[in-house]
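Structure record follows, encoded as structure tokens.
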Amino acid sequence: MQNLAEVRHDWTEQEVRELFELPMNDLLFQAQSVHRQHFNPNEVQVSTLLSIKTGSCPEDCKYCPQSAHYNTGLEKQRLMEVEAVLNKARQAKESGSTRFCMGAAWKHPTDRDMPYVIEMIKGVKEMGLETCMTLGMLKESQAQQLADAGLDYYNHNLDTSPEFYDKIITTRTYEDRLNTLQHVRDSGMKICSGGILGMGETAKDRYGLLMQLANLPQQPESVPINMLVKVQGTPLEDVEDLDPLEFIRTIAVARIMMPKSHVRLSAGREQMSDELQAMAFFAGANSIFYGECLLTTPNPETHRDLQLFRRLGIRPEQRIEDSDADQEQRLVQKIQAQQDAELFVDATSAH
């Protein structure tokens with residue numbers, strides 16, 4: 001077993017393959033051992049993601065219902081007003097989120113859009129929430145503008161391995177993505193970058209994705225691992241399902257290779273059983289997106305997440321300014337409110 005405190009940037013394909021090929025019990029034991037060296041094993045960081053501009057994206061990502069290249073019936077929306085975004089952020093904080101992520105379906109932000117984006121960042125920061133945005137590719141100057149506004153994290157996924165990438169996306173290159181990540185890092189912001197599983201890639205492509213992330217000069221602070229949500233109208237709507245245990249293996253190997261990163265269960269949780277999610281947490285996942293919608297695809301309802309946390313003895317990871325008692329009280333209140341809603345019916349509406 002590797003030195004559990006070690007963060008490496010020189011992973012080889014053979015080493016990664018050997019991890020994937022371990023017996024499942026051995027792999028999970030190693031992943032959980034690494035996890036406990038760096039994190040509380042019973043805490044999960046909670047984020048909320050809001051689509052602030054939906055649809056009409058010029059990119060041709062084959063998995064994405066927001067692409068203008070595909071007819072998926074998605075309702076297109078222009079950039080949201082700043083106050084509407086801030087209202088959503090307040091609701092997210094009340095539900096227990098500590099990070100508010102804002103996503104726009106752009107190839108890259110325009111100079112015209114930047115002032116509105118910056119006002120959103122400042123407003124969310126004033127609430128005491130961590131901020132994250134995903135706006136497509138960034139120029140060096142744009143990354144610095146976002147950093148100066150106080151943006152904590154920038155999300156820009158690599159999606160898959162370099163070898164499989166052009167089978168999924170042709171409107172921007174892998175190098176474009178790496179350049180954006182470098183601009184983000186140079187500006188002083190933290191990086192959120194991961195990928196999508198179940199797009200028809202091989203096991204070797206999953207090795208390649210994790211190698212690209214782990215071997216960056218500085219590993220991403222947050223690594224979202226998405227399970228493809230197949231949407232009718234996209235080229236991947238009929239792709240073969242990924243074995244759920246292969247998904248768990250990828251979570252576990254990501255934890256071992258990036259021991260200090262938050263590994264996030266992202267898209268695809270709606271299709272996951274409670275048992276599969278519990279196994280993912282044991283494998284080293286310690287972050288989720290919270291709420292009923294993840295950009296344009298379903299996500300487990302908030303109360304289901306809270307109830308699963310209670311059953312597993314997991315609590316939301318706290319920001320420094322939040323006490324254990326405050327977090328626990330909010331969790332209990334949310335579950336109690338949901339139970340009350342299920343027990344009682346408003347007699348005035350029962351007609």
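Counted from 1, the sequence shown has number 184 at position 184 by the UniProt record's numbering; the numbering is strictly sequential.
Here a beta-carbon is modelled for each residue, glycine too, at the ideal position from N, C-alpha and C.
Since this is a predicted model, take the numbers as computed values, not measurements.
The residue among Gly200, Ser273, Met272, Asn215 with its C-alpha nearest the C-alpha of Asp238 is Gly200. Distance from the CA of Val7 to the CA of Phe281, rounded to the nearest whole angstrom, comes to 21 Å. In the three-state DSSP reduction, Arg8 falls in the coil class, being neither helix nor strand. By the Cβ-count criterion, Arg177 is buried, with 16 or more other Cβ atoms from all chains shown falling within 10 Å of its own Cβ. Counted as a single uninterrupted DSSP element, the stretch harbouring Met272 is not any alpha helix (DSSP H), since DSSP gives it neither H nor E. Distances from the alpha-carbon of Val46 to those of Thr98, Gly150, Leu22 put Thr98 closest. By the Cβ rule, the region 259 to 269 counts as touching the region 28 to 44, because three or more pairs are nearer than 8 Å. Close CB contacts of Thr180 within its chain, under the 6 Å cut and outside five residues either way in sequence, are with Met137, Leu138, His156 (chain order).
Taking C-alpha positions only, Asp113 is separated from Trp106 by approximately 11 Å. When rounded, the separation of the alpha-carbon atoms in Trp11 and Leu19 is 11 Å. In terms of Cβ geometry, Leu216 and Met257 do not form a close pair [threshold 7 Å].
Along the region 133 to 221, the beta strand (DSSP E) occurs as fully enclosed runs of 3 or more residues at 153 to 155, 190 to 192, 195 to 197, listed in sequence order.
With at least 16 other beta carbons inside 10 angstroms of its own, Thr131 counts as buried. The DSSP-derived three-state label of Met120 is helix. Take the alpha-carbon of Ile251 and the one of Val231: they are about 23 Å apart. If you ignore the 5 residues before and after His38, its C-beta comes within less than 6 Å of the C-beta of Pro259, Lys260, all in its own chain and listed in chain order. Taking a 10 Å sphere around the C-beta of Asp152, we find 16 or more other C-beta atoms and assign the residue as buried. Secondary structure at Phe100: strand, using DSSP grouped into helix, strand and coil.
Around the CB of His35, 16 or more other CB atoms lie within 10 Å, so the residue is classed as buried. In this structure, DSSP gives Gln30 a helical state, which the three-state scheme calls helix.
Cβ atoms of Asp159 and Ile196 come within 8 Å of each other, at about 6 Å. In the structure shown, Ile314 falls within a coil segment according to DSSP collapsed to helix, strand and coil.
In the DSSP secondary-structure assignment, Pro115 is not bridged to any residue.
By the beta-carbon neighbour count (other beta carbons within 10 angstroms, threshold 16), Thr48 is buried. Taking Arg311 as the centre and dropping the five residues before and after it, the same chain places the C-beta of Asp274 closer than 8 Å to its C-beta, in chain order. Exclusion of the five residues before and after Ser187 leaves Ala143, Gln144, Ala147 as the residues of its chain whose Cβ lies within less than 6 Å of its Cβ.
In the three-state reduction of the DSSP assignment, Glu130 falls in the strand class, which pools E and B. Burial of Pro316 is indicated by the presence of at least 16 other C-beta atoms within 10 angstroms of its C-beta.
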